[in-house]
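Mature numbering (1 follows the signal peptide of the UniProt record, and there is no 0) puts the sequence shown at residues -17 to -1, 1 to 161. Note that beta-carbon positions come from the ideal geometry of N, C-alpha and C, so glycine has one too.
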Amino acid sequence: MAFKFVAFAALVAVANAGVLAPGVPLAYAAAPAAPLAYAAPVAKAVVAKTVDADYDPHPQYSYAYDVHDSLTGDAKSQQETRDGDLVQGSYSLLEADGTRRIVDYTADPVNGFNAVVRKEPAAVAVKAVAAPSLTLRTPHPSPMLPPLPRSPPPLRTLLPSPTPHPLRTLLLSPTPPP
């Protein structure tokens, strides 16, 4: 009876299933035409000019800083000034080989950015490190240690071992008629 119910439910499901339409159109359609009507604006919109209240036509600034870190050995400095469109400055840093690199720069609207780089020799003479000397050592025997104590033998746990049992076949035969 259950099989008949399952077969009936499958038949109802197939009957209710619709045809799946393809996901892409089968033909190309014409693009929608642009509207031909055009209305000219009645009045021209006036755009109001906004002026930035904080605008400085002749900016000026000047700053400088120095860093001398004895923990990391970092030493650098920079200073820069601006007067209108002319920017002048310099910075210096200590390179890994001990030399100091100094860069002087100028930037203006006529010549663009120009930098002059120069190097100064190391202030502290770098000492040459001598190569380590090799000393050969003769191997010596390690000291004799007393032997470790023997561990006791593992405890034996007795588990019942599986024993085969004879297979009993039980034959049922029809009882002979009386």
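When T118, A14, V70, A(-11) are compared, the shortest CA-CA separation from G95 is found for V70. Straight through space, the alpha carbons of P115 and T121 are spaced by roughly 19 Å. T64 has its alpha-carbon roughly 30 Å from the corresponding atom of D80.
From the listed residues A90, I85, A98, A113, the smallest Cα separation to P104 is found for I85.
Contact annotation: D66 and Q43 have beta-carbon atoms nearer than 7 Å.
Taking 7 Å as the cut-off, the beta carbon of R83 is found no closer than this to the beta carbon of S73. Among the bridge pairs identified by DSSP, A90 is matched with V70, F96. The residue from L77, Q61, E78 with its alpha-carbon nearest to that of Y88 is Q61.
Within the model, the alpha-carbon separation for S144 versus S134 is close to 28 Å. The beta carbons of P40 and D68 sit no closer together than 7 Å. Per DSSP, A47 lies in no alpha helix (DSSP H); the unbroken beta strand (DSSP E) holding it starts and ends at 43 to 52.
DSSP places L(-7) inside the alpha helix (DSSP H), whose first and last residues are -16 to -2. The C-beta separation of L77 from K59 comes to about 7 Å, placing the pair in contact by the 8 Å criterion.
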